[in-house]
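Written below as structure tokens is the structure these notes are about.
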Amino acid sequence: MNLVLIPPQENLSGPWQIHEPRQVMHLREQLNLQVGDTLKVGILGQARYLTRVMTITAQSIEVMPLQQEACPKKLPVTLIVALPRPKVLRRLIMDSVTLGVERICLIHSYRVDKSYWQTPFLQQLDDYVQLGLEQAGDTIAPEIQLYKRFKPFVEDILPGMIQPERPAYVAHPYSAQTMPINISHGCSLIIGPEGGFIPYEVELMQKNGCQTYQLGSRILRTETAVSYVLGRLFS
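Once you know that position 112 of the sequence shown is 1475 in the numbering used here, the rest is easy, because the numbers rise by one and skip nothing.
Here you go:
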């Protein structure tokens, strides 16, 4: 936890209360926080501050802001990912938020098990986002959208995301082209399920303005591919 994230505040001059048991326990038992210490605190959807600890109890910690600090910049990317296995979803969301993506779209595809859409993990996305923000020291959550039908998404939604200065890249292991590196513009990045997109899906995305690129001879896991490609595109 590199930043303590608290709910939106009307009074930006403080004091603020940290009530979440997970945060209070971590600060008291793991960091051994003491009255008078400084602490980095972010207000969700607003800004981050350097604060001073005023009081500590078993249930809460009170802090006063000292100065506002800059948040890390976002990556100019919309991440479009075929819904992964539930246990992978948690890591995927946390890592994507930590890396700073602006927007995340979870989509269906032929090789996505329909049962994945019933997982309770989808009801916990806000928790994963918070953990990713705390890790990165950020306060602005990305927009997350769910699309349970592949064809309507590709034909009706995806074209509106594509512009000459903001292309859409599909990571596809059988493309002849290699994924670009160190780009200077935004993009949409599309990652398929671990079994890959089927040919029909790849062709449909190409017909609707997407470009396909391969990442090399190795087939990567979904969460590995996301981190690798984002690092490659925005190195």
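The C-beta atom is built at its ideal place from N, Cα and C for all residues, glycine as well. Values in this document were obtained by computation on a predicted structure and should not be read as measured data.
With a threshold of 8 Å on Cβ separation, who are the neighbours of residue i within its own chain once the five nearest residues in sequence on each side are excluded?
i: Gln1409; result: Pro1371, Gln1372, Leu1375 and Thr1502
i: Ile1561; result: Ser1472, Tyr1473 and Arg1474
i: Asp1458; result: Gly1495, Glu1586, Val1589 and Ser1590
i: Thr1414; result: Gly1377, Trp1379, Thr1401, Leu1402, Lys1403, Val1404, Val1426, Met1427, Pro1428 and Leu1429
Rounded to the nearest angstrom, how far is the Cβ of residue i from that of residue j, given a contact under 8 Å?
i: Val1592; j: Ala1531; result: 13 Å between Cβ atoms; not a contact.
i: Glu1432; j: Gln1380; result: Not really, about 20 Å apart at Cβ, beyond 8 Å.
i: Val1387; j: Val1398; result: Actually they do not touch by this definition, with Cβ atoms about 14 Å apart.
i: Ile1507; j: Ile1467; result: 5 Å
i: Ser1551; j: Ile1525; result: 7 Å
i: Tyr1491; j: Arg1448; result: Not quite, the Cβ-Cβ distance comes to about 14 Å (not below 8 Å), so this is no contact.
Could you give the DSSP three-state label for residue i: helix, strand or coil?
i: Arg1411; result: strand
i: Pro1428; result: strand
i: Thr1482; result: coil
i: Leu1494; result: helix
i: Thr1420; result: coil
i: Leu1596; result: helix
i: Gln1487; result: helix
i: Glu1441; result: Inspection of the sequence shows that residue 1441 is occupied by Thr rather than by Glu. Note: Thr1441 maps to strand in three-state DSSP.
i: Ala1540; result: It is Gln, not Ala, that sits at residue 1540 in the sequence shown. Correct three-state label for Gln1540: coil.
i: Val1464; result: strand
i: Ser1590; result: helix
Thinking C-alpha only, which one of the options is nearest residue i?
i: Ala1445; options: Thr1420, Val1426 and Val1565; result: Val1565
i: Leu1407; options: Leu1429, Arg1391, Cys1434 and Gln1430; result: Cys1434
i: Leu1429; options: Leu1402, Arg1448 and Thr1541; result: Leu1402
i: Gly1579; options: Ile1443, Thr1441, Pro1527 and Thr1541; result: Thr1541
Between the C-alpha atoms of residue i and residue j, what's the straight-line distance to the nearest angstrom?
i: Glu1586; j: Gly1555; result: 11 Å
i: Ile1419; j: Pro1439; result: 39 Å
i: Gln1422; j: Thr1482; result: 32 Å
i: Arg1453; j: Leu1485; result: 9 Å
i: Val1517; j: Val1589; result: 20 Å
i: His1382; j: Gly1559; result: 43 Å
i: Ile1456; j: Gly1377; result: 31 Å
i: Gly1549; j: Lys1450; result: 29 Å
i: Lys1436; j: Ala1504; result: 12 Å
i: Phe1513; j: Leu1469; result: 10 Å
i: Leu1583; j: Pro1536; result: 9 Å
i: Gln1577; j: Gln1393; result: 43 Å
For residue i, which residues from the same chain have a beta carbon less than 7 Å from its beta carbon, with the 5 sequence-adjacent residues on both sides left out?
i: Pro1522; result: Asn1571 and Gly1572
i: Thr1461; result: Gly1495, Gln1498 and Ala1499
i: Asp1489; result: none
i: Gln1569; result: Thr1575
i: Arg1595; result: Met1542 and Ile1544
Here's a check: name, in chain order, each residue in its chain whose Cβ is nearer than 6 Å to the Cβ of residue i, leaving out the five neighbours to either side.
i: Gly1405; result: Leu1366, Leu1368, Arg1411 and Thr1502
i: Leu1442; result: Ser1459, Val1464, Ile1467 and Leu1552
Taking CB distances under 8 Å as the criterion, tell me whether residue i reaches chain B.
i: Phe1597; result: Among the chains of the structure shown, chain B does not appear; only one protein chain is present.
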